[in-house]
Amino acid sequence: MKVRKVLIAGGGISGLSSAFYAKQLLGKHGIPAEITIVEEANKPGGKIQTIRRDGFVIERGPDSFLARKLPILELARELGLEGELAGTNPAARKTFILHRGKLHSMPAGLVLGIPTQLMPFIKTGLVSLKGKARAAMDLFLPKRREQGDESLGDFLQRRLGKEVLEHIAEPLLAGIYAGDTHSLSLRSTFPQFQELERRYRSIMLGMLKSRGRSNPDGQSPKLRPEISNSMFLTFRNGLQTLVEALVESMAPHQILTDTRIVSIRKSEGKEKYAAVLSDGRELEVDAVIVALPAFAAADVLRSFSAAEALREIPYVSVANVILAFEKEQIHYPLDGSGFVIPRSEGRLLTACTWTSAKWLHTAPEGKAVLRCYIGRSGDELSEDMDDEQLLSKVRAEIREIMNIEAEPLFAEVTRWKQSMPQYPVGHLERLGRVREALECEAPGIVLTGSGYEGVGLPDCIRQGKDAAIAAVDRLLKRNAPEQPAVR
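Heads up, the sequence shown is in UniProt numbering, so the first residue is 1 and it goes up one at a time.
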């Protein structure tokens with residue numbers, strides 16, 4: 001067989017996962033191959049960046065993942081990292097919501113912002129009596145007859161009312177995407193809500209009846225007893241542990257850093273693609289997996305008609321500020337995982353994780369770490385501030401909310417420009433048209449990444465694996481058309 005060349009555009013978690021599974025599948029089917037990952041930054045990993053300093057283990061980007069999502073657990077198992085998994089502090093289960101300037105404990109029984117227990121919801125001060133009565137109407141309202149997509153905000157307001165949406169659901173759910181619930185697609189973000197309404201009519205009843213059932217993937221993760229009850233997981237030495245293991249697994253294939261792909265086009269008269277790199281080199285390859293943000297993918301794929309539709313996927317810029325303190329200087333009880341802030345509070349901050357309380361391995365004894373989040377759709381004021389101004393504003397708001405006057409031991413400001421993809425209503429249909437057009441024009445090019453079908457780490461890994469399967473399927477058909485697809 002000829003040596004097949006596979007190009008991975010982007011060395012974030014989606015690109016690294018694609019490369020890992022492509023290598024695995026190509027080896028399984030005996031196809032000799034050269035895999036090249038091209039990454040613009042000076043090291044692979046994308047937004048996964050762990051600070052390891054003086055006993056602190058702190059994330060600049062994502063800090064954890066849902067324990068029930070299997071793709072990342074399966075990858076960790078394959079890389080021999082199961083023993084490195086760490087769960088949240090069981091004594092820090094509470095989450096708070098800022099309401100009229102004060103932190104309120106989230107009522108027990110909330111599942112993705114949906115009330116499933118009567119008394120805790122009745123007692124909460126987050127929603128007025130009128131708002132609670134409106135939410136209870138969900139038990140009697142008919143289900144929506146139209147089958148198409150709608151916005152997440154419209155759905156929740158239709159079922160539970162404006163107060164529950166704005167005071168509870170919006171800061172919890174929209175915060176995942178740094179988005180506006182009235183712009184985010186329900187089918188692309190929380191399709192289970194639509195399914196609950198379809199099956200049970202009432203979303204509260206549906207959530208209650210579906211609680212405790214098996215994983216949506218049809219399986220339950222098998223975890224060590226000490227972490228089996230944790231909703232979120234990470235790695236003891238930071239998420240960068242996963243990146244480092246993936247990079248090590250790629251030998252002898254190559255990872256080009258500090259290198260950008262300028263363009264990708266079809267090679268004339270061949271079933272191959274030519275990629276022009278920023279250093280002037282041109283690579284001719286058999287398959288390309290594009291694991292870049294949609295706008296960057298549009299740039300490198302500008303010779304194909306699908307590029308214009310990719311440019312229509314919007315992105316939001318966000319930032320975070322890490323503050324480390326002597327624990328004794330924080331008098332506010334860190335008896336939970338942190339708090340979220342609704343838009344209606346008019347704050348620069350959108351959330352704050354009490355990192356050292358939520359994850360006991362992240363700080364030395366006697367130290368405390370807070371991680372403050374800034375930026376969401378329609379509210380990206382941090383872009384107009386320099387780091388010093390941003391830090392000053394964040395510290396002022398933390399002082400007002402938690403009464404912390406102490407000087408931090410250290411502070412880290414991280415900015416993520418155009419980092420959070422937004423899935424507008426009709427996103428999946430638009431994505432289907434993009435992939436159909438690309439399949440017609442360039443069947444050897446596959447899209448993957450957070451801009452398409454999920455922003456969480458497990459979603460990116462799942463999409464990376466799917467992209468590897470699609471690319472290797474294409475190579476198998478070219479090598480031996482009679483062979484079955486890779487499934």
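The C-beta atom is built at its ideal place from N, Cα and C for all residues, glycine as well.
Starting from T338, trace the beta strand (DSSP E) in both directions and tell me its first and last residue.
The question names Thr, but residue 338 in the sequence shown is Gly. Note, G338: beta strand (DSSP E), G338 to V340.
Continuous beta strand (DSSP E) stretch holding E195: start and end
First-last for E195: P191 to Y200, but that is the alpha helix (DSSP H), not the beta strand (DSSP E).
Pairs of beta-carbons, one from the segment 34 to 49 and one from the segment 321 to 336, closer than 8 Å: are there three or more?
no
Tell me whether the beta-carbon of A275 lies closer than 7 Å to the beta-carbon of I289.
Not in contact: A275 and I289 (Cβ atoms no closer than 7 Å).
Quick check: is the beta carbon of S185 nearer than 7 Å to any beta carbon in chain D?
In summary, chain D is missing from the structure at hand, where a single protein chain is found.
Could you tell me the alpha carbon to alpha carbon distance between R478 and F20, rounded to whole angstroms?
Between R478 and F20, the C-alpha separation is close to 21 Å.
Thinking just about the alpha-carbon of each residue, which of D387, L184 and F96 is nearest to the one in D154?
Residue L184 is the option with its Cα nearest to D154.
Closer than 8 Å is the cut-off here; do at least three beta carbon pairs connect the segment 92 to 99 with the segment 268 to 287?
no
Answer with buried or exposed for E429, where buried requires no fewer than 16 other C-beta atoms within 10 angstroms of its C-beta.
exposed
Quick check: the segment 190 to 204 against the segment 135 to 149, are at least 3 beta-carbon pairs closer than 8 Å?
yes
For V111, count neighbouring Cβ atoms within 10 angstroms of its own Cβ and tell me buried if that reaches 16, exposed if not.
V111 comes out exposed.
Leaving out the 5 sequence neighbours to the left and right, which residues in its chain are closer than 7 Å to S210 when beta-carbon positions are compared?
So the list reads L196, once near-sequence residues are dropped.
Looking only at C-alpha atoms, which of K358, V369 and A363 sits nearest to A92?
K358
Can we say the segment 456 to 471 touches the segment 64 to 73, given the rule of at least three CB pairs closer than 8 Å?
yes
For F410 and R395, I'd like the C-alpha separation in whole angstroms.
12 Å
Taking the beta strand (DSSP E) that P421 belongs to, which residues open and close that run?
In the DSSP annotation of this structure, the continuous segment of the beta strand (DSSP E) that includes P421 starts and ends at F410 to P421.
How far does the alpha helix (DSSP H) with K358 in it reach, from first residue to last?
T355 to K358
Classification of S18 by the beta-carbon crowding that lies within 10 angstroms, buried from 16 upward
buried
Please specify which runs of the beta strand (DSSP E), each continuous and at least 3 residues long, are wholly inside the segment 364 to 444, giving them in chain order.
Positions of the beta strand (DSSP E) runs, each at least 3 residues long and wholly inside the segment 364 to 444, are given as 367 to 374 and 410 to 421 in order along the chain.
Return the first residue and the last residue of the alpha helix (DSSP H) that I48 is part of.
No alpha helix (DSSP H) contains I48, which DSSP labels as neither H nor E.
What is the DSSP secondary structure of F56, counted as helix, strand or coil?
In the structure shown, F56 sits in a strand (DSSP, three-state: E or B).
Alpha helix (DSSP H) containing L246: first to last residue?
Boundaries of the alpha helix (DSSP H) around L246: Q240 to S249.
Short Cβ contact (7 Å threshold) for F235 with T88:
no
At what residue ranges does the segment 232 to 316 contain a whole run of the alpha helix (DSSP H), taking only runs of 4 or more?
Counting only runs of 4 or more, we get 240 to 249, 294 to 300 and 306 to 311.
Beta strand (DSSP E) runs wholly inside the segment 81 to 120, at least 3 long, in chain order
Under the rule that a run must span 3 or more residues, the beta strand (DSSP E) segments found entirely inside the segment 81 to 120 read 85 to 87, 95 to 99 and 102 to 105.
Sheet register partners of F325 (DSSP bridge)
Looking at the DSSP assignment, F325 forms a beta bridge with A368.
Under the DSSP definition of a beta bridge, which residues are partnered with V318?
W416
Host alpha helix (DSSP H) of A169 (start-end)
A169 -> no alpha helix (DSSP H), and no H or E assigned at all.
Taking the C-alpha atoms as reference points, what is the distance between L16 and V127?
Their Cα atoms are separated by approximately 44 Å.
With a cut-off of 8 Å on the beta carbons, I'd call G238 and R371 a contact; round off their distance for me.
At roughly 13 Å, the Cβ-Cβ gap does not stay under 8 Å, so G238 and R371 are not in contact.
Work out the CA separation of E284 and A351 for me, nearest whole Å.
46 Å
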